[in-house]
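Final position of the sequence shown in the numbering used here is 396; the numbers increase by one with none missing. Where is the CB? At the ideal position from N, CA and C, for every residue including glycine. Computed from a predicted structure; not experimentally measured. First comes the structure, then the notes that go with it.
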Amino acid sequence: LPWSIPIRASTPSGITISDLLLCLYEELQEPIRHGEYYTDALGGKEREALGRAAAVRCAGDSGLLGRGVLRVDFLGEECIFAGIVGGRKGWELTTRQG
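Shown next as structure tokens:
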């Protein structure tokens, strides 16, 4: 994913699994911003893949289609959550193709 997702703790004792999953879900349901779509990192093929992933996600539902491409569409059509690992800038979500 081309952006960071801040995870907010719901308790003073730290971040729970529920916090992690809720924040991931909320962030991935946001429509992508102009600068996330029209960037040098995305070429025509990648933009086409985003459109295909959105079409599959929406399955013809005009209400969903009206929201446009969401951040979750960056994950593609078949993406499996593989875990979270420590990285240089904090924790990183890892995925793999299904």
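Measuring CA to CA, which of the options is closest to residue i?
i: residue 325; options: 396, 385 and 371; result: 371
i: residue 369; options: 305, 330 and 312; result: 330
i: residue 336; options: 367, 396 and 380; result: 367
i: residue 347; options: 373, 356, 361 and 359; result: 373
i: residue 379; options: 390, 385 and 339; result: 390
Less than 8 Å between the CB atoms is what I'm expecting for residue i and residue j, so what's the real figure, rounded?
i: residue 328; j: residue 351; result: Not quite, the Cβ-Cβ distance comes to about 15 Å (not below 8 Å), so this is no contact.
i: residue 334; j: residue 301; result: 7 Å
i: residue 454; j: residue 382; result: Because the chain is modelled from 299 through 396, residue 454 falls outside the range shown and cannot be assessed.
i: residue 349; j: residue 377; result: Between residue 377 and residue 349 the Cβ distance is about 16 Å, and since that is not below 8 Å, they are no contact.
Within a Cβ cutoff of 7 Å, which residues of the same chain sit near residue i, ignoring the five residues on either side of it in sequence?
i: residue 365; result: 329
i: residue 305; result: 313, 317, 318 and 321
i: residue 307; result: 313 and 317
Return the first residue and the last residue of the beta strand (DSSP E) that residue i is part of.
i: residue 380; result: 377-385
i: residue 394; result: 388-395
By Cβ distance, which residues of its chain are closer than 8 Å to residue i, with the 5 residues on each side in sequence left out?
i: residue 362; result: 355 and 356
Start and end of the alpha helix (DSSP H) containing residue i?
i: residue 355; result: 342-356
Taking 6 Å as the limit between beta carbons, can you name the residues of its chain near residue i, skipping five residues before and five after?
i: residue 261; result: Look at the range of the chain in this structure, 299 to 396, and you will see that residue 261 is not part of it.
To test your reading of the DSSP string, which unbroken alpha helix (DSSP H) runs of 4 or more residues are found completely within the segment 301-336?
315-326 and 332-335
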